[in-house]
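In this text, residue positions in the sequence shown follow UniProt numbering: the first is 1, and each later residue adds one.
Data first, discussion second: the structure below is written as structure tokens.
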Amino acid sequence: MPAPSVSVRVPAKVNVQLAVGPSRPDGFHDLANVFLAVSLYDLVTATEAAGLSVGVEGPGSEQVPTDDRNLAVRAARLLAEHHGRPADVRLDIVKDIPVAGGMAGGSADAAGALLACDTLWGTATPREELLAICAELGSDVPFSLVGGAALGRGRGERLTELPVGGEFHWVFALADGGLSTPAVYRECDRLRGAAPVAAPEPDPALLGALAAGDAAALAPTLANDLQPAALSLRPALAETLAAGAAAGALAGLVSGSGPSCAFLVDSAPAAAALVAALAGSGHCRAARATTGPAAGATTIDSHA
Ligand SMILES: C[C@](O)(CO)[C@H](O)COP(=O)(O)OP(=O)(O)OC[C@H]1O[C@@H](n2ccc(N)nc2=O)[C@H](O)[C@@H]1O
Ligand SMILES: Nc1ncnc2c1ncn2[C@@H]1O[C@H](COP(=O)(O)OP(=O)(O)OP(=O)(O)O)[C@@H](O)[C@H]1O
């Protein structure tokens with residue numbers, strides 16, 4: 001008999017709007033963060049074992065730590081502590097979400113590990129408690145669990161679900177090498193200098209376009225306050241954005257802290273055409289077509 005195991009699929013995200021407020025005393029920034037989950041997934045499998053270990057495979061996996069710095073390992077430990085039980089589990093992560101790509105890959109693995117361990121261990125943690133553990137692990141982790149579309153307030157961890165009136169088509173240009181999220185926030189502060197920074201607020205036109213499922217209306221409202229910082233640290237991203245625009249995207253922006261770039265298009269054929277154009281442009285490592293909203297962390301296989 002194989003050991004009991006549970007597999008969970010977890011989506012990447014794009015920040016359709018990322019409004020960044022001033023730096024807080026705790027080093028974080030208050031946000032109006034409009035998250036959309038997209039159909040690019042990591043797979044996290046939790047298998048019964050003595051002790052805690054992790055294996056990671058897929059593109060960029062050599063950059064992912066396999067010790068206690070791994071967010072999925074930290075998630076399993078926190079859940080075990082929460083229930084006063086040993087963190088006995090083998091975690092296997094298959095990455096498709098780019099590492100340090102601004103698409104919440106590590107956060108996805110943390111949310112996936114929480115759900116997989118909770119099912120494997122039979123701990124049946126109430127949703128609110130799981131979300132609190134997610135928030136302790138990182139600002140993006142609650143959204144990775146929930147998926148769909150949501151407005152994140154505070155540092156992005158306080159979520160309100162958002163209505164979405166249809167499926168949006170997105171193409172991602174994936175970059176070689178990552179960008180450090182804290183470094184991008186620091187660069188944002190540096191570029192802003194001493195100028196006063198407005199309190200971050202969601203854009204009503206953007207929320208309306210999401211609710212209507214209207215890509216043409218959504219396109220001009222896409223906004224990312226971290227984009228100037230990501231471009232400052234990685235100037236070549238301007239060429240990637242220009243290549244997507246020239247190849248017919250409705251709009252494009254840097255995804256979160258970058259360096260992945262996200263392009264909105266109006267149909268699946270348009271997405272396929274843009275993938276082909278970007279892949280041959282020399283301005284990205286790879287291009288991927290996705291749709292959103294995608295479901296949050298979902299158990300796809302359970303032999304617990
Ligand atoms: C850029 C985004 O991906 C947009 O969704 C997130 O804001 C980043 O979320 P994350 O990767 O889960 O970030 P965390 O692990 O919580 O924080 C990493 C670091 O990013 C910076 N950080 C993060 C979130 C936030 N609201 N303000 C910040 O300044 C801080 O320097 C923090 O120490
Ligand atoms: N399971 C994991 N998967 C990926 N990276 C991890 C993981 N655990 C820890 N890390 C570390 O976290 C860093 C950031 O990786 P991640 O893929 O989460 O970035 P990101 O997608 O840019 O994050 P975000 O969009 O939430 O800011 C990596 O450089 C890696 O060292």
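All C-beta atoms, glycine included, are put in the ideal place defined by N, C-alpha and C.
Check: N224 C-beta below 7 Å from any heavy atom of ligand 2: Your numbering for residue 224 matches position 224 in the sequence shown. Outside the cutoff, so no.
Contacts around S107, its chain only, beta-carbon distance under 6 Å, and the 5 residues preceding and following it disregarded: Along the sequence shown, one-based indexing puts residue 107 at 107. Contacts found: G138, D140, V141 and S144.
Cβ-Cβ separation, A247 to L274 (assumed contact under 8 Å), whole Å: As a working note, residue 274 is residue 274 in the sequence shown. As a working note, residue 247 is residue 247 in the sequence shown. Between A247 and L274 the Cβ distance is about 5 Å, and since that is below 8 Å, they are a contact.
Integer Cβ distance of N70 from V54, believed to fall under 8 Å: On the sequence shown, position 70 is the one that residue 70 refers to. On the sequence shown, position 54 is the one that residue 54 refers to. Right, the Cβ-Cβ distance comes to about 5 Å (below 8 Å), so this counts as a contact.
Closest by C-alpha distance to A230, when choosing among A251, A205, D189 and A215: Looking up residue 230 in the sequence shown gives position 230. Selected option, being the one with the closest Cα: D189.
For A37, the nearest candidate out of G154, V146, A289 and A75 (CA to CA): Here residue 37 refers to the residue found at position 37 when the sequence shown is read from its first residue. For the residues G154, V146, A289 and A75, the minimum Cα distance to A37 belongs to V146.
Whole runs of the beta strand (DSSP E) within the segment 188-275, excluding any shorter than 3 residues: 251-254 and 261-265
Residue environment, M103, which counts as buried when at least 16 other CB atoms sit within 10 Å: As a working mapping, residue 103 is identified with position 103 in the sequence shown. Classification of M103: buried, given that the 10 Å Cβ count is 16 or more.
Cβ contact check for the segment 295-303 and the segment 180-187: 3 or more pairs under 8 Å: no
L52, DSSP secondary structure in three states: As a working mapping, residue 52 is identified with position 52 in the sequence shown. Three-state DSSP puts L52 in a strand.
Status (buried if at least 16 other CB within 10 Å, exposed otherwise) for E128: The sequence position of residue 128 within the sequence shown is 128, counting from 1. Under this definition E128 is an exposed residue.
Assigned exposure category for G84 - 16 Cβ within 10 Å defines buried: Translated into positions along the sequence shown, residue 84 becomes position 84. Exposed: under 16 other Cβ atoms inside 10 Å.
N- and C-terminal bounds of the beta strand (DSSP E) containing L40: Working through the sequence shown from its first residue, we reach residue 40 at position 40. H29 to T47 is the extent of the beta strand (DSSP E) around L40.
Host beta strand (DSSP E) of A173 (start-end): Taking the first residue of the sequence shown as position 1, residue 173 is located at position 173. Per DSSP, A173 belongs to the beta strand (DSSP E) from F168 to L174.
Option in E157, P200, R158 and L206 with minimal Cα separation from V164: Against the sequence shown, residue 164 aligns to sequence position 164. Measuring from the Cα of V164, the nearest candidate turns out to be L206.
Contact test: N70 Cβ vs ligand 1 heavy atom, cutoff 7 Å: Within the sequence shown, residue 70 is the residue found at index 70, counting from 1. The answer is no for N70.
Given E161 as reference, the closest of H29, L18, F35 and D225 once Cα atoms are compared: As a first step, residue 161 must be located in the sequence shown, where it is residue number 161. Residue F35 is the option with its Cα nearest to E161.
Same chain, Cβ closer than 7 Å to V265, neighbours up to 5 away in sequence not counted: Numbered from 1 along the sequence shown, position 265 holds the residue referred to as residue 265. The answer, listed in chain order, is H169, V171, A249, L250, A271 and L274.
Exposed unless 16 or more other CB atoms sit within 10 angstroms - verdict on R24: Working through the sequence shown from its first residue, we reach residue 24 at position 24. With fewer than 16 Cβ atoms within 10 Å of its Cβ, R24 is classed as exposed.
Residue from A76, L151 and G21 whose Cα sits closest to the Cα of A116: Position 116 of the sequence shown, counted from the start, is the residue given in the question as residue 116. For the residues A76, L151 and G21, the minimum Cα distance to A116 belongs to A76.
Supposed close pair T290, L40 - CB separation, criterion 8 Å: Here the question's residue 290 lines up with position 290 in the sequence shown. Here the question's residue 40 lines up with position 40 in the sequence shown. Contact flag correct, Cβ pair sits at about 5 Å.
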